[in-house]
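*Asks:*
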Amino acid sequence: MAAASLAFVARRGEPELVAPAGPTPRELKRLSDLDDQESLRFYRSGIYFYRGCPSPGDAPTRPGSYVTADADVTLDEFGDTLYPPVPCASQLLCLPESNSAVVVDRPLLYVQVTRLRCGGFVLGFQVCHNLADAPGSTQFLQALGELAGGMEAPSVRPVWARELVDARDPPCPIYHHPEYELAADAANDKLRPGAELVHRAFLFVPEELSSLRDQLPPQMRSRCSRFLLLSAFAWRCRTAALGYATGDEVRFMFVVNARGKRGRPLSGGSIEDIDLRVTRQKGPGYSYGRCQKPGDKLEDDGPEMG
Numbered sequence: 000m001a002a003a004s005l006a007f008v009a010r011r012g013e014p015e016l017v018a019p020a021g022p023t024p025r026e027l028k029r030l031s032d033l034d035d036q037e038s039l040r041f042y043r044s045g046i047y048f049y050r051g052c053p054s055p056g057d058a059p060t061r062p063g064s065y066v067t068a069d070a071d072v073t074l075d076e077f078g079d080t081l082y083p084p085v086p087c088a089s090q091l092l093c094l095p096e097s098n099s100a101v102v103v104d105r106p107l108l109y110v111q112v113t114r115l116r117c118g119g120f121v122l123g124f125q126v127c128h129n130l131a132d133a134p135g136s137t138q139f140l141q142a143l144g145e146l147a148g149g150m151e152a153p154s155v156r157p158v159w160a161r162e163l164v165d166a167r168d169p170p171c172p173i174y175h176h177p178e179y180e181l182a183a184d185a186a187n188d189k190l191r192p193g194a195e196l197v198h199r200a201f202l203f204v205p206e207e208l209s210s211l212r213d214q215l216p217p218q219m220r221s222r223c224s225r226f227l228l229l230s231a232f233a234w235r236c237r238t239a240a241l242g243y244a245t246g247d248e249v250r251f252m253f254v255v256n257a258r259g260k261r262g263r264p265l266s267g268g269s270i271e272d273i274d275l276r277v278t279r280q281k282g283p284g285y286s287y288g289r290c291q292k293p294g295d296k297l298e299d300d301g302p303e304m305g
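Everything in the sequence shown is counted per numbering that gives the first Met the number 0, starting at 0 for the first residue and increasing by one.
1) Run the proximity test for Arg-43: is its beta-carbon closer than 7 Å to any non-hydrogen atom belonging to the ligand SAM?
2) Under 8 Å: do the stretch 78-93 and the stretch 111-123 share three or more Cβ pairs, one atom per stretch?
3) Hey, how far is the Cα of Glu-151 from the Cα of Phe-139?
4) Can you list, in chain order, the residues of its chain with a C-beta nearer than 7 Å to that of Pro-171? Leave out the 5 residues immediately preceding and following it.
5) Between which two residues does the beta strand (DSSP E) holding Gln-125 run?
6) Taking all protein chains shown into account, decide if Pro-106 is buried (16 or more other Cβ within 10 angstroms of its Cβ) or exposed.
7) May I have the straight-line CA-CA distance separating Glu-15 from Leu-108, to the nearest angstrom?
8) I need the straight-line Cα distance from Leu-202 to Leu-81, nearest angstrom please.
9) For Glu-13, which of helix, strand or coil comes out of DSSP?
10) Is Tyr-243 helix, strand or coil by DSSP?
11) Using alpha carbons as the reference points, say which of Phe-226, Pro-157, Ser-210, Ala-240 lies closest to Glu-195.
12) In angstroms with no decimal places, state the Cα-to-Cα distance between Arg-156 and Leu-146.
13) Alpha carbon to alpha carbon, what distance is there between Asp-168 and Val-85?
14) Compare the beta carbon distance of Arg-250 and Val-126 with 8 Å and say whether it is the shorter of the two.
15) When you compare only the Cα positions, how much space is there between Leu-211 and Arg-199?
16) Can you list, in chain order, the stretches of the beta strand (DSSP E) that have 3 or more residues and sit fully within the stretch 91-170?
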């Protein structure tokens, strides 16, 4: 497990604004209606650990703000299994997470490479969420690795084409969207229980997943994915832990990746936010069924853009 007691201070160099390798067009890039949501106006962080570090001179140039740092710790000191919460995460990221909601007039990308005492290194990656979602960020990092490895161009070229996920004009939603509605009783909202909220990671082994699956109705067991299975039970456990009354409406929101779904010609090079935010509200089978329905909508109607 991660060493929660680990404490260190990274010695950072001066931030460097990395410019493009060659001339680029001076133009405005339009965001889609999905990208330009206020809830996405923040920097999304990722922390990646590696054993074995290239020499500082071999590090590839990266667009945006780039910082190198050193930390007097080894990779093993972070624990046997690396998962959130990462000890001293703020030391491994350029931008303080408390300041991650300000995205105007700032670089779209922040990168910090922290060299460890053992020769490994940590890549801290922060990207404006309006620009890319998790699969898009993964694609970008894959492209960086390919270019650093000597490829002349990434195997999957980036595509802007944000207009493909715009809302219809005029809007014509084909199903109800409760995810954008305000809570019916704001005074009873227990979304953020304040100081009582503790960040913990829970690992499920195959035997535990099988035990959960056995609690589903027989007709659901073979077609229930692990994600939906855990989502349904996490929803039920959280609702019980926070003490909602029987008649309260309790929403569970998650994103569904719309890449590859019918109804939208989305390129494999798309890095924008292509997701569907869904909400659903009894027994394990009911919870699973309600979590499954939003994904089915993607297959039946394609991504709903309004």
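Glycine is no exception: its CB is placed at the ideal position from the N, C-alpha and C atoms.
In this text the structure is predicted, and so the values were computed from the model without any measurement.
*Replies:* On the basis of the data shown:
1) Within the structure as shown, the ligand SAM is missing, as the structure has no ligands at all.
2) yes
3) 15 Å
4) Checking the sequence, you will find Cys at residue 171 rather than Pro. For Cys-171, where only same-chain residues beyond five positions count, there are no Cβ hits under 7 Å.
5) 120-127
6) buried
7) 12 Å
8) 12 Å
9) coil
10) coil
11) Ala-240
12) 12 Å
13) 44 Å
14) no
15) 20 Å
16) 108-115, 120-127
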